[in-house]
Amino acid sequence: MKGSPFLLFSLLVLPIVAFALLCIGYSVFKLPYLPQIVNSSGKYGIDPLLTAAVIQTESGFDSLAQSPAKAFGLMQLLPQTAAWLEESLPIVGSWREPHNNIELGTRYLRYLADMFEEDWDIVLTAYHQGPTYIRALLEAGGWQKTAYVRKARVFYLCFFLLYHGYFSVLGD
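If you want it as structure tokens, here you go:
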């Protein structure tokens, strides 16, 4: 076979490497709770991959996660935030249960998206640091993109590369 070594490498080795990386990606970036993520995200008009990225960033998909600030569950809701959300969105069972935590957390993302005009970097920062704090920073002109936002965006990109076709099939 005539041709450059690069062409041979491209045709034979790169597809194998790409397939191996894809398999590793699926094992590292699993999407447990997918039905709940898709359902809640669709209900509130949030990209399900963004919801998944927030969950990965907040808890690493550990439903029993608890932060030093006493936030709980997959989406790391504070008890007072969960109680406030439950006033307008009654749930059956505990807000710490995975399906309820996703429902309330996604509803909170929608609330923040409306508050900050879907500026997703600001929405993510407000999700992590609280909307009152972020609003004060914005008014003072001192808001900057945080490491949290960069981390969430990396997870979003990983989920997008791995799962975008799945959501396209669903019609998203």
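FYI, the working numbering numbers position 51 of the sequence shown as 37, with every residue one higher than the one before it.
Cβ coordinates follow ideal geometry from the N, Cα and C atoms, glycine included.
If you're wondering where the values come from, they're calculated on a predicted model, not measured in any experiment.
If we ignore side chains and look at the alpha-carbon of each, how far apart do residue i and residue j end up?
| i | j | result |
| --- | --- | --- |
| Gln42 | Ala112 | 17 angstroms |
| Ala39 | Gln130 | 20 angstroms |
| Glu73 | Ala55 | 22 angstroms |
| Leu148 | Val135 | 20 angstroms |
| Thr67 | Phe102 | 18 angstroms |
| Phe146 | Ile77 | 30 angstroms |
| Trp70 | Glu125 | 25 angstroms |
| His85 | Leu75 | 13 angstroms |
| Tyr119 | Gln22 | 30 angstroms |
| Leu160 | Ser53 | The structure shown does not extend to residue 160, since the chain spans only -13 to 158, so no value can be given for it. |
| Gly28 | Leu20 | 12 angstroms |
| Asp100 | Gly127 | 20 angstroms |
| Cys144 | Arg82 | 26 angstroms |
| His150 | Val140 | 15 angstroms |
| Lys16 | Arg121 | 34 angstroms |
Classify residue i: buried if its beta carbon has 16 or more other beta carbons within 10 angstroms, exposed otherwise.
| i | result |
| --- | --- |
| Gln62 | buried |
| Thr37 | buried |
| Val24 | buried |
| His114 | buried |
Assuming residue i and residue j make a contact with CB atoms under 8 angstroms, what is their CB distance in whole Å?
| i | j | result |
| --- | --- | --- |
| Arg96 | Tyr30 | 4 angstroms |
| Pro18 | Phe58 | Not a contact, Cβ separation roughly 17 angstroms. |
| Leu60 | Ser45 | 5 angstroms |
| Leu110 | Ala138 | 5 angstroms |
Quick one, which of the options has its alpha-carbon nearest residue i's?
| i | options | result |
| --- | --- | --- |
| Arg93 | Leu20, Pro54 and Pro34 | Pro34 |
| Gly91 | Ser26, Leu20, Lys16 and Pro21 | Ser26 |
| Asp107 | Ala133, Ala122, Gln66 and Pro84 | Ala133 |
| Leu50 | Arg121, Ile88 and Leu124 | Ile88 |
| Asp105 | Lys16, Ile32 and Cys144 | Ile32 |
| Gly116 | Leu64, Gly28, Glu83 and His150 | Leu64 |
Pick helix, strand or coil for residue i, following the three-state DSSP scheme.
| i | result |
| --- | --- |
| Leu75 | coil |
| Leu63 | strand |
| Phe230 | The chain is shown only over -13 to 158; residue 230 falls outside these bounds and no answer can be derived. |
| Gln52 | strand |
| Pro117 | helix |
| Ser27 | helix |
Would a check of beta-carbon distances place residue i closer than 9 angstroms to chain B?
| i | result |
| --- | --- |
| His150 | Looking at the structure shown, chain B is missing, and only one protein chain is on hand. |
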